[in-house]
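In terms of the working numbering, the sequence shown opens at residue 532 and continues consecutively. A short write-up of the structure that comes next.
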Amino acid sequence: MPLSAAAVGKPHRRADAARNHQRLIDAAAEVFAARGLNATLDDIARHAGVNVATAYRHFANKHELAREFLLQCVEQALAIAERAAAEADPWRGLTLFMEQSLELMSSNRALVDVLTRAYGAEHHAEFFQRISAPLEALLGRGQAAGLIRTDVGATDLAPIMEMLNAVASLGLPGLRDRYVALILAGLRPSPDPLPGQPPTEELVRQVTLAPKPRPCGPGPA
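Written out as structure tokens, the structure is:
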């Protein structure tokens, strides 16, 4: 029995709606990065090539859209940690975690910096709870195998990634890879213990959400 025109049209409309939804999220990444949170949902709709009325059918306001983007970033970061933890070789898993996390941070640097400080506090507790399990498993396997120093904790990785992201933001050729290699070398077992203890999750949240000082002097355009 042939489908009616209405039945045939429904999957197409759902696909269009899904594309428009993601198009708005992708446009928000570019518009917020360029203009900050002063940008409006109308601005984002125009940048996405989507009718303004369509934008308001998907999101009540720009804040709802910003939170949706941040949640996607969180899911992508979690997927990276889980893939790294699933690697048979824990050292390769740790290396992939650093490289892929840095790529994610670098690709959305300006926007994530804005959004994590404007909207991130409400998501960070859940994020750290979810991401800590695969990272602890990864580090535990690496430490048991004698590949990773035993005085490093999963909460050490967030400040490390912040530091590497700061280096990557300079845009100088080869510098990011140099410091990724330097950090990885420092995570190898050593007879010399590290001072102090891994930071608590609360301290990591404070560091992540704290306003970042602007660099002095001229920087890259």
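Even glycine gets a Cβ: it sits at the ideal position worked out from N, Cα and C.
>> Here's a check: name, in chain order, each residue in its chain whose Cβ is nearer than 7 Å to the Cβ of N569, leaving out the five neighbours to either side.
In response: Indexing the sequence shown from 1 puts residue 569 at position 38. Excluding sequence neighbours, N569 sits near nothing in its chain.
> Is the Cβ-Cβ distance between A608 and I662 less than 9 Å?
Replying inline: Counted from its first residue, the sequence shown places residue 608 at position 77. Counted from its first residue, the sequence shown places residue 662 at position 131. In contact: A608 and I662 (Cβ atoms closer than 9 Å).
>> For F628 and L701, what's the separation of their Cα atoms in angstroms?
In response: In the sequence shown, counting from the first residue as 1, residue 628 sits at position 97. In the sequence shown, counting from the first residue as 1, residue 701 sits at position 170. Going by the C-alpha atoms only, they are around 21 Å apart.
> Which residues mark the beginning and the end of the alpha helix (DSSP H) in which F590 is found?
Replying inline: For this step, residue 590 is matched to residue 59 along the sequence shown. Taken as a continuous stretch (DSSP letters only), F590 belongs to no alpha helix (DSSP H), as it is neither H nor E.
> Can you name, in chain order, every residue of its own chain whose Cβ lies under 8 Å from the Cβ of I556, other than the five neighbours on each side?
Replying inline: Numbered from its first residue, the sequence shown carries residue 556 at position 25. These residues qualify, in order along the chain: L596, E599, F600, Q603.
>> Let me confirm a value: I694 is counted as buried when at least 16 other C-beta atoms fall within 10 Å, else exposed. Which label applies?
In response: For the purposes of this step, residue 694 is identified with residue 163 of the sequence shown, where counting begins at 1. Before going further, note that residue 694 is Met rather than Ile in the sequence given. Classification of M694: exposed, given that the 10 Å Cβ count is below 16.
> Is P665 closer than 9 Å to V735 when the C-beta atoms are compared?
Replying inline: Taking the first residue of the sequence shown as 1, we reach residue 735 at position 204. Taking the first residue of the sequence shown as 1, we reach residue 665 at position 134. Against a cut-off of 9 Å, the Cβ pair of P665 and V735 comes out as no contact.
> Whose CA, out of R577, V581, N696, lies closest to the CA of S632?
Replying inline: In the sequence shown, the residue the question calls residue 632 occupies position 101. Here the closest residue by C-alpha is N696.
> Would D574 be called buried (16 or more neighbouring beta carbons within 10 Å of its own) or exposed?
Replying inline: Numbered from its first residue, the sequence shown carries residue 574 at position 43. Looking at its Cβ environment, which holds 16 or more other Cβ atoms inside 10 Å, D574 is buried.
> Between which two residues does the alpha helix (DSSP H) harbouring D682 extend?
Replying inline: The residue given as residue 682 occupies position 151 in the sequence shown. Here D682 belongs to no alpha helix (DSSP H), and DSSP marks it neither H nor E.
> What residue does the alpha helix (DSSP H) around R623 start on, and which one ends it?
Replying inline: Along the sequence shown, one-based indexing puts residue 623 at 92. It spans 621–638 - the alpha helix (DSSP H) in which R623 sits, taken as one unbroken run.
>> Using a Cβ distance threshold of 8 Å, determine whether the stretch 585–593 contacts the stretch 613–627, with at least three qualifying pairs required.
In response: no
> Is it true that the CB of T686 sits closer than 9 Å to the CB of P730?
Replying inline: Mapped onto the sequence shown, residue 730 falls at position 199. Mapped onto the sequence shown, residue 686 falls at position 155. Taking 9 Å as the Cβ cut-off, P730 and T686 qualify as a contacting pair.
> Helix or strand or just coil, what does DSSP make of R719?
Replying inline: On the sequence shown, residue 719 is found 188 positions in, with the first residue counted as 1. Looking at R719 - three-state DSSP - the assignment turns out to be coil, as it is neither helix nor strand.
>> Since L688 and I679 should fall inside the 8 Å C-beta cutoff, what is the C-beta to C-beta distance between them, to a whole number of angstroms?
In response: For the purposes of this step, residue 688 is taken as residue 157 along the sequence shown, with counting starting at 1. For the purposes of this step, residue 679 is taken as residue 148 along the sequence shown, with counting starting at 1. Not quite, the Cβ-Cβ distance comes to about 11 Å (not below 8 Å), so this is no contact.
>> For A576, report the span of its alpha helix (DSSP H) as first-last.
In response: Counting from one through the sequence shown, the residue named residue 576 turns up at place 45. First-last of the alpha helix (DSSP H) with A576: 572–579.
>> Check this for me: beta carbons of E724 and G677, under 9 Å apart or not?
In response: On the sequence shown, position 193 is the one that residue 724 refers to. On the sequence shown, position 146 is the one that residue 677 refers to. Looking at the sequence provided, one finds Pro at residue 724 rather than Glu. Not a contact, by the Cβ cut-off of 9 Å.
> For chain C, is any of its Cβ atoms less than 9 Å away from the one on I556?
Replying inline: This model lacks chain C altogether; it includes just one protein chain.
> What separation, rounded to the nearest whole angstrom, lies between the Cα atoms of Y710 and E618?
Replying inline: As a working mapping, residue 710 is identified with position 179 in the sequence shown. As a working mapping, residue 618 is identified with position 87 in the sequence shown. Those two C-alpha atoms are separated by around 23 Å.
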